[in-house]
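Structure record follows, encoded as structure tokens.
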Amino acid sequence: MLKNDFFTIAGKENGEGLVTYHVVLNPDHNIFKGHFPGNPISPGVCNIGMIKACAEEEVGCGLFIENLKQCKFSHLITPNENKELDIVLKLETTEQVVKIAATIVKGDTKFMDLKAEALKEQKA
Amino acid sequence: MTKAEITSKVNALLAEEFEVEESVITPDANIKKTLELDSLSLVDLVALIDNEFGIKTNGAEISKVGTFGELYDFIESKIA
Amino acid sequence: MQQGEEIKQLIPQREPIMMIDTFYGATETTGKSGLTVLADNVFCEGGQLREMGVIEHIAQTCAAYNGVKNKQNNGEASKPKLGYIGEIKKCQIVRLPRVGEQLTTDVVATAQVMNVTLMEATTKIGDETIASCQIKLFEED
Chain W
76 MLKNDFFTIA GKENGEGLVT YHVVLNPDHN IFKGHFPGNP ISPGVCNIGM
126 IKACAEEEVG CGLFIENLKQ CKFSHLITPN ENKELDIVLK LETTEQVVKI
176 AATIVKGDTK FMDLKAEALK EQKA
Chain Z
6 MTKAEITSKV NALLAEEFEV EESVITPDAN IKKTLELDSL SLVDLVALID
56 NEFGIKTNGA EISKVGTFGE LYDFIESKIA
Chain D
815 MQQGEEIKQL IPQREPIMMI DTFYGATETT GKSGLTVLAD NVFCEGGQLR
865 EMGVIEHIAQ TCAAYNGVKN KQNNGEASKP KLGYIGEIKK CQIVRLPRVG
915 EQLTTDVVAT AQVMNVTLME ATTKIGDETI ASCQIKLFEE D
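See the structure below:
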């Protein structure tokens with residue numbers, strides 16, 4: 076939903092038990108016109124959505140977040156100043172469930188972290 | 006409730022919620038530093054104490070409380 | 815009760831990300847809002863309102879509660895303050911709402927320190943609970 080519209084994936088790197096997605100925000104997206112007028116800030120739910128989209132990319136299917144255990148926003152993401160971001164994922168995948176631990180960072184700045192459990196969705 | 010009861014209740018509660026050893030919670034220790042509270046987690050502390058002791062703490066009151074000792078005094082005055 | 819354009823008096827969000835269309839009112843510690851899921855909702859996909867839409871709907875219910883409080887404290891003309899989600903905990907989503915369904919969300923403010931409000935939220939479709947969470951809203955001065 077957000078991928079290739081609100082943001083794009085510019086690349087990814089595999090680390091030890093982690094995978095990092097490099098993403099780029101689209102400052103011209105309509106969502107920024109409403110959040111907030113003249114003061115664009117990425118909505119917290121869109122940051123969650125970007126993490127989910129990267130996790131979906133990684134597991135190769137759609138996900139339904141049924142349990143968002145914790146999610147803390149430490150820094151606001153503004154699309155002009157924080158256009159490029161790194162989404163670091165640690166996934167534990169079983170047949171049905173994907174456990175997600177993720178952070179959004181850039182350099183030394185941590186923007187948010189999240190722990191969630193998602194169900195794999197069957198593609199129609 | 007005696008001061009000693011308040012103290013042991015608070016210490017056990019905070020140690021569990023903020024995942025610290027009870028031994029680091031001493032009357033002279035600074036609450037925010039010891040529990041690594043930021044503006045977001047301070048509200049957890051208030052919710053926890055209000056719920057446990059059946060009191061209603063407002064933000065201005067809790068901001069004046071610096072040490073655990075002051076917190077015990079504060080709770081004692083509220084439930085008195 | 816506020817509806818449609820009147821909602822803009824209570825929350826700072828604007829189209830296309832307005833996720834409440836009705837505010838039923840607030841008490842000292844509670845607020846209640848509604849949203850009918852439309853097909854052109856920015857968070858709809860495959861005829862369902864996705865998780866992001868449900869959570870944003872909850873967050874804006876909290877924002878509207880704050881908006882009402884703000885008017886009570888600072889006068890009816892006060893504009894809604896900018897606010898952000900600070901933290902979300904224990905957020906369970908039972909199922910996703912479908913286009914045409916109407917959500918109602920109840921929030922209870924359990925604690926407030928300075929500009930951070932801790933709230934408990936429950937979202938229903940009719941009598942069926944479809945989501946619940948604990949949310950902290952951070953408001954600008």
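From first to last, the protein sequence lines are chains W, Z and D. Just so you know, the numbering used here puts 101 at position 26 of the first sequence, and the rest follows in order with no gaps. Just so you know, the numbering used here puts 46 at position 41 of the second sequence, and the rest follows in order with no gaps. Just so you know, the numbering used here puts 935 at position 121 of the third sequence, and the rest follows in order with no gaps. All C-beta atoms in this analysis are idealised placements derived from N, C-alpha and C, irrespective of residue type, glycine included. Bear in mind that the values here come from a model prediction, so they are computed numbers and not experimental data.
Per DSSP, cross-strand counterpart(s) of MET6(Z): None, per the DSSP bridge assignment.
Beta carbon proximity, THR924(D) to chain Z, threshold 9 Å: Cβ-Cβ to chain Z under 9 Å: yes for THR924(D).
Below-9 Å beta-carbon distance, LYS950(D) vs any chain Z residue: Judged by the 9 Å Cβ criterion, LYS950(D) is in contact with chain Z.
Residue-level contact to chain D via CB, ALA19(Z), 9 Å cutoff: Just to set this straight, residue 19(Z) is Leu in the shown sequence, not Ala. Chain D, which has no Cβ nearer than 9 Å to the Cβ of LEU19(Z), makes this no.
Best match in ALA873(D), VAL922(D) and THR850(D) for proximity to GLU902(D) [C-alpha to C-alpha]: Note that residue 902(D) is Ile in the sequence shown, not Glu. Here the closest residue by C-alpha is ALA873(D).
Under 7 Å by beta carbon: chain C residues contacting VAL921(D): Protein chains in the displayed structure are W, Z and D, and chain C is not among them.
Beta strand (DSSP E) runs contained entirely in the stretch 832–915 of chain D, provided each spans 3 or more residues: Within the stretch 832–915 of chain D, the complete beta strand (DSSP E) segments at least 3 residues long are 836–840, 844–850 and 897–907, listed from N- to C-terminus.
Rounded straight-line distance, which links the Cα of PRO112(W) to that of PRO830(D): If you take the alpha carbons of PRO830(D) and PRO112(W), they lie about 11 Å apart.
Contact list for CYS121(W) against chain D, beta-carbon separation under 8 Å: Simply MET866.
Under 9 Å between C-beta atoms of VAL921(D) and THR875(D): VAL921(D) places its beta carbon less than 9 Å from that of THR875(D).
Contacts of LEU45(Z) in chain D (Cβ-Cβ under 8 Å): In chain order: GLY900, GLU901, VAL930, LYS950 and PHE952.
Residues that MET933(D) bridges to, as DSSP identifies them: Beta-bridge pairing by DSSP links MET933(D) to ALA923(D) and ILE949(D).
Which of helix, strand or coil DSSP assigns to ALA176(W): ALA176(W) falls in the strand class under three-state DSSP.
Backbone secondary structure at PHE73(Z) - three-state DSSP: In the structure shown, PHE73(Z) sits in a helix (DSSP, three-state: H, G or I).
Any non-hydrogen atom of the ligand FMN closer than 8 Å to GLY845(D) Cβ: Among the components modelled here there is no ligand, and therefore nothing to report on the ligand FMN.
Continuous beta strand (DSSP E) stretch holding THR184(W): start and end: Following the DSSP letters along the chain, one finds THR184(W) inside the beta strand (DSSP E) bounded by residues 184–196.
Best match in PRO911(D), GLY845(D) and GLY861(D) for proximity to TYR879(D) [C-alpha to C-alpha]: When each option's Cα is compared against that of TYR879(D), the closest is GLY845(D).
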